[in-house]
Amino acid sequence: MPEAEYIDKTSFSCCKKVEFIEALKAVGRQTVILCGIETHVCVLQTCVELLEMGYVVHVVRDCVASRSKDNKDTAIEYMRDAGAVITTTETVLFQVLKRAGTDNFKTIVKRITERSDVK
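This is how it looks when you write it as structure tokens:
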């Protein structure tokens with residue numbers, strides 16, 4: 494993604510980084526799609542702070558990870574209870590696409606079915 498900007502951080506929550514908040518505000522959206530590593534630490538803390546700031550947060554369950562299943566599952570439950578929407582990659586893709594028949598739809602469906610574990 495050439496248009497993506499990398500923002501280095503040392504705090505667990507992205508919201509502690511001024512550059513992140515400024516970039517988020519510059520986009521002008523109220524919904525955040527959240528993915529990342531260490532679901533129970535960085536993703537959780539970022540999610541909660543974004544919710545506190547009034548954002549609608551969608552945590553993509555199959556795009557977050559922790560070193561243990563228990564940590565991941567507990568964090569997902571915590572974020573859901575805090576008000577986050579727990580979703581999946583495929584759900585997000587189709588929510589963004591909105592309709593079938595477009596070139597983007599055909600590309601996405603092809604990639605999804607190529608990687609599908611359901612045959």
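Numbered per the numbering used here, the sequence shown spans residues 494 to 612. Virtual Cβ for every residue (Gly too), placed ideally from N, Cα, C.
Is there contact between the stretch 558-566 and the stretch 583-594, where contact requires at least three CB pairs shorter than 8 Å?
These segments do not touch.
Tell whether a beta-carbon distance below 9 Å holds between ALA516 and LEU544.
no
Tell me, to the nearest whole angstrom, how far the beta carbon of THR581 is from that of ASP555; I am working on the premise that it is less than 8 Å.
5 Å
For the beta strand (DSSP E) containing GLU530, name the first residue and the last one.
First, the residue type needs correcting, since residue 530 is Ile and not Glu in the sequence shown. Counting along the chain, the unbroken beta strand (DSSP E) around ILE530 starts and ends at 524-530.
Note down, in chain order, each residue of its chain lying with its Cβ closer than 6 Å to the Cβ of HIS533, except the 5 sequence neighbours on either side.
SER559, ASN564, ALA568
Please specify which runs of the beta strand (DSSP E), each continuous and at least 3 residues long, are wholly inside the stretch 510-589, giving them in chain order.
524-530, 549-558, 578-580
Over what stretch of residues does the alpha helix (DSSP H) that includes GLU607 continue unbroken?
Run containing GLU607: 596-608, per the alpha helix (DSSP H) assignment.
Where THR524 and LYS518 are concerned, what is the direct C-alpha to C-alpha distance, given to the nearest angstrom?
11 Å
What is the C-beta distance between LYS510 and ILE526, in whole angstroms, given that I count them as a contact (C-beta under 8 Å)?
Not quite, the Cβ-Cβ distance comes to about 18 Å (not below 8 Å), so this is no contact.
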